[in-house]
Each structure stands twice: as structure tokens, then as C-alpha cells.
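Numbering (my numbering), first residue to last: 94 to 162.
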């Protein structure tokens, strides 16, 4: 499953994570950020872990800018 597939899965109405929480390690960039974005888009409340606070803040800002949690 490629990166585009995970985003498409998150858009599927039957794939909802409302009321769920997700902890994403490596969420500051790359695959971790893509996973965190897809989880947030599916309705999960996402907690990010990254190597630096700056990476966490940048990733969180990017996810929030799209209107996700």
C-alpha cells in the first residue's frame, strides 16, 4: 500500500476513527507524518512524537491547517 492509498483510505466514509486516539512516533516527517495526517483526516485525535519539538510543532501546524485534529 503506497502513500496515496493510505490517504484514499482515510477518505473512505466507512473508515472513520472518530473518538479514537493515535500515537504516532516519527510523526515529524516522512512516513510518520503521512500516517499522522491520514489518521487525523479519518477523525482520530493524533499525538505526535518526533526528534525535535520544532518537528512536532511544524507537523501539528500542517495537520491543523487542513482542519484535522
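All C-beta atoms, glycine included, are put in the ideal place defined by N, C-alpha and C.
Terminal residues of the continuous alpha helix (DSSP H) containing residue i?
i	result
residue 115	No alpha helix (DSSP H) holds residue 115; the beta strand (DSSP E) holding it covers 114–118.
Sort the options by Cα distance to residue i and report the nearest one.
i	options	result
residue 132	107, 123, 117, 155	117
If you drop the 5 nearest sequence neighbours on each side, which residues of the same chain put their C-beta closer than 8 Å to that of residue i?
i	result
residue 122	143, 148, 152
How long is the line joining the alpha carbons of residue i and residue j, rounded to whole angstroms?
i	j	result
residue 106	residue 130	16 Å
residue 158	residue 120	16 Å
residue 150	residue 112	23 Å
residue 126	residue 110	17 Å
residue 154	residue 160	10 Å
Can you find the residues in the same chain that come closer than 6 Å, C-beta to C-beta, to residue i, ignoring five residues on each side of it along the sequence?
i	result
residue 115	132, 137, 139
Counting C-beta neighbours from all protein chains within 10 Å, is the total for residue i 16 or more, i.e. buried, or is it exposed?
i	result
residue 156	buried
residue 134	buried
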